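*Asks:* Residue numbering for the sequence shown follows this note's numbering, starting at 6 and increasing by one per position.
Ideal Cβ placement from N, Cα and C applies to all residues, glycine included.
Small disclaimer: the values here were computed from a predicted structure and weren't measured.
Mind having a look at this structure? Questions to follow.
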Amino acid sequence: MLNSESWSFRGFQHGETPLPDPNLGWHLYGVGLENMGSDGMPEEIGLPETAPNQLLVRVDAVGLCFSDVKLVNLGGGHPKLFGRDLSAEPTRLGHEATVTVVEVGRDLETTYSKGDRLAIQPDIHIQGRSTAYGYTISGALIQYHHLGPEVLDVDGSSYAIQVDRNLGYAAAALSEPWACVHAAYTQRRRLEPLENGRMWIIGHQDDDREYSFSVGLDKPSAIVLTNVSEHVRALVETRRSSGSIVIERDGIRPEDYGELSAGCTDGHGFDDIVLLNPGSAEQVSRAALEIAFRGTMNLVGEQPLEEVPMVDVGRIHYDYTAYVGCSGPEISAAYGREENRCDLRPGGVAVFFGAAGPMGQMHMQRAIESAEGPRMVIGIDRDEERLAAAETKLSAIAEQNDCDLHLESSSAAISSGSIVSRLTDGIGADDVVVLVPSGEAMAEAARLMAPGGMLVLFAGVPNGTMAPLDLSRTYLDNTQFTGTSGSNLADQEAVLSRAADGLLSPERSVGAVGGIEAALDGVRAMIEGRYAGKVLIFPQLTGLPLTGLDELRDQIPEVGEQLGEGDVWTARAERVLIENFKAS
């Protein structure tokens with residue numbers, strides 16, 4: 006059994022020593038776990054004096070994330086590191102963090118005070134370029150470190166958020182992944198033509214349908230027309246802005262779309278693509294390749310495609326490419342928030358694909374606890390042990406919220422489609438959220454949607470990952486294909502506010518805890534899928550190995566007995582953990 010004599014909680018003593026000694030942390034020097042720390046252990050990392058524009062902070066808790074695994078696997082090849090040589094300029098993991106201010110630089114004394122508790126929003130951008138905390142900026146797997154203008158003053162904003170003192174460390178640290186969950190159900194797509202953007206309208210010269218385009222055709226600065234009818238030419242001439250340029254390119258075949266796009270957009274792609282009466286899966290697939298970052302494709306038609314087009318599902322997640330549609334003849338009917346919801350359908354059926362992992366459990370918890378959430382939540386996963394752990398955590402709150410919860414194991418013999426069909430009497434799901442980073446899984450999940458359904462690609466796959474998505478359903482029955490990546494300050498502030506008001510318990514997501522030395526084992530545990538919940542590191546604790554919550558009652562009874570029903574982490578368990586194991 007572990008005991009308090011093997012642990013310590015190191016406090017910063019003001020006036021006795023200018024720096025903690027030693028200050029332990031985990032640098033990452035390259036690809037692979039062998040390049041994390043030194044010989045499998047954290048290193049002593051020195052700290053300079055606090056500069057006038059810096060805060061010295063004590064790191065109180067850090068959540069580990071599968072994004073950390075991606076960084077370990079890619080090293081300097083990770084997109085957010087821009088080819089950095091980590092052997093010469095190491096970084097440090099830990100982007101889900103909460104800290105306490107222990108020293109304030111003189112230039113910041115009117116803004117921050119000793120004792121302030123902060124959560125860090127890691128998705129930092131300077132003039133549109135990512136400089137994310139825990140990636141480009143060294144993160145929180147360390148006991149003490151400095152925060153400077155790279156976090157506190159970025160284009161006039163601070164990415165350090167004040168935390169209510171009543172929130173536990175775990176709740177505050179996990180506000181970041183919870184912010185990503187929150188962001189998944191806020192509108193990230195652009196749902197109208199881009200002001201001063203480039204629009205491409207693709208049609209058929211023999212299409213005799215009389216289309217209208219009442220809203221938005223006056224916004225683009227350039228409109229390219231390909232193979233459209235005389236009626237569409239006249240419509241564009243009537244409705245376009247007087248300052249816009251119209252370019253006609255007829256006789257263009259789908260295999261020529263890439264060359265046309267490169268010539269008309271300097272390789273950036275079209276901000277808006279309108280495809281009238283889609284003719285084939287090949288045409289749709291080829292046109293979709295030319296959507297710009299945050300671009301929108303509007304499909305207008307009445308007949309289903311004979312085959313299913315291949316779509317870049319990575320870009321739906323990372324680039325927020327949007328697919329909307331309507332039957333016409335009013336082209337702008339496809340746009341707008343009323344036709345394109347972003348949250349789960351109230352009273353509907355929500356399916357979570359790859360549900361038993363930490364993020365899947367967060368999504369299901371949010372759905373269950375939402376005041377206007379779905380009446381039925383279906384969680385599908387292949388890991389039966391994780392599903393059992395999820396049921397232990399979620400069944401009680403599902404009962405409290407009158408939500409019909411089904412956690413089902415899929416396999417080669419039992420498909421996800423058969424599970425959803427059985428539970429919905431063959432109708433399908435109103436919402437399908439994909440938490441598996443697999444194009445094949447995303448294509449499978451898309452087939453589970455009922456008419457009017459929404460697909461949310463929460464898991465990320467690399468741009469260029471192609472998967473079959475039946476886009477004809479966008480205009481035949483208003484199904485939606487959406488994606489989300491990361492979160493922003495407003496998302497995390499909203500989560501912290503809900504947690505402070507008692508409307509959300511982020512700490513329920515914890516699956517294992519450990520001290521500073523356990524960080525490497527924590528990353529390894531994520532790779533192995535050892536825990537159904539989040540791995541949480543308390544950097545101020547030393548000598549505490551990675552311990553699952555289901556082990557705490559036996560290993561550390563005084564902490565284990567403070568867990569909630571179903572071995573759920575609580576603020577009380579956290580307080581006992583720290584109170585019992587502080588260094589005297």
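1. In three-state DSSP terms, what is Val573?
2. Just the Cα atoms here: how many angstroms apart are Ala267 and Ile383?
3. How many Å lie between Leu152 and Ala393 at the Cα?
4. Taking Ile142 as the reference, give the member of Lys119, Gly81, Asn28, Tyr117 with the closest Cα.
5. Thinking C-beta only, is Thr116 closer than 9 Å to Leu199?
6. Rank Tyr149, Arg244, Val106 by C-alpha distance to the C-alpha of Gly221 and give the top, closest one.
7. Please give me, in chain order, every unbroken run of the alpha helix (DSSP H) with length at least 4 that falls completely inside the segment 379-418.
8. According to DSSP, is Cys185 part of a helix, a strand, or is it coil?
9. List the endpoints of the continuous beta strand (DSSP E) containing Ala66.
10. For Glu215, which three-state DSSP category applies?
11. What are the boundary residues of the beta strand (DSSP E) that includes Phe275?
12. Measure the beta-carbon distance from Gln370 to Ala537 and round it to whole angstroms, keeping in mind my assumption that it falls under 8 Å.
13. Ignore the nearest five residues each way along the sequence and tell me which others in Gly458's own chain have a CB closer than 8 Å to its CB.
14. Alpha carbon to alpha carbon, how far is Arg299 from Glu49?
15. Starting from Asp317, follow its DSSP beta bridges and name the residues at the other end.
16. Would you mind stating whether Val109 and Ala165 have Cβ atoms separated by less than 9 Å?
17. Between Pro283 and Leu304, how many whole angstroms is the CB-CB distance? I'm expecting something under 8 Å.
18. For Leu38, does the three-state DSSP call read helix, strand or coil?
19. Residues in the same chain with beta-carbon distance under 7 Å from Leu91, minus the five sequence neighbours each way, listed in chain order, please.
20. Could you check the C-alpha separation between Cys408 and Gly248 for me, to the nearest Å?
21. Just the Cα atoms here: how many angstroms apart are Asn40 and Gln167?
22. Just the C-alpha distance for Asp65 and Pro544, rounded to the nearest angstrom, thanks.
23. Of the residues Ile131, Phe87, Thr231, which one's Cα is nearest the Cα of Gln288?
24. Compute the distance between the beta-carbons of Val159 and His130, then report whether it is under 9 Å.
25. Please classify Asn345 as buried or exposed, where buried requires at least 16 neighbouring CB atoms within 10 angstroms.
26. Quick check on DSSP: helix, strand or coil for Glu114?
27. Where Ser375 and Asn468 are concerned, what is the direct C-alpha to C-alpha distance, given to the nearest angstrom?
28. Note down, in chain order, each residue of its chain lying with its Cβ closer than 6 Å to the Cβ of Gly569, except the 5 sequence neighbours on either side.
29. Quick one: is Asn8 buried, meaning 16 or more other Cβ sit within 10 Å of its Cβ, or exposed?
30. Rounded to the nearest angstrom, what separates Glu94 and Glu54 at their Cα positions?
31. Check Cys347 in the structure and name its three-state DSSP category.
32. Using a beta-carbon distance below 9 Å, is Pro562 in contact with chain C?
33. Measure the alpha-carbon distance for Gly173 versus Glu579 and round it to whole angstroms.
34. What is the DSSP secondary structure of Tyr149, reduced to helix, strand or coil?
35. In chain order, what residues of the same chain have a beta carbon less than 8 Å from the beta carbon of Pro351, not counting five sequence neighbours either side?
36. Assuming Ala189 and Val461 form a contact by the criterion Cβ under 8 Å, report the distance between their Cβ atoms to the nearest whole angstrom.
*Replies:* This is what the structure holds:
1. strand
2. 44 Å
3. 41 Å
4. Gly81
5. no
6. Arg244
7. 389-405
8. helix
9. 60-68
10. coil
11. 275-281
12. That belief does not hold up - the Cβ atoms of Gln370 and Ala537 are roughly 12 Å apart, past 8 Å.
13. Gly433, Ala434, Asp435, Asp436, Val437, Thr484, Gln485
14. 44 Å
15. Met471
16. no
17. 6 Å
18. helix
19. Leu33, Tyr34, Gly35, Gly80, Gly81
20. 54 Å
21. 34 Å
22. 6 Å
23. Thr231
24. yes
25. buried
26. coil
27. 32 Å
28. Thr575
29. Because the pLDDT of Asn8 is 38, which lies under 50, any placement of that residue in the model is unreliable, and the question is left without a value.
30. 21 Å
31. coil
32. Here chain C cannot be found, since the structure has a single protein chain.
33. 7 Å
34. strand
35. Glu377, Gly378, Pro379
36. 6 Å
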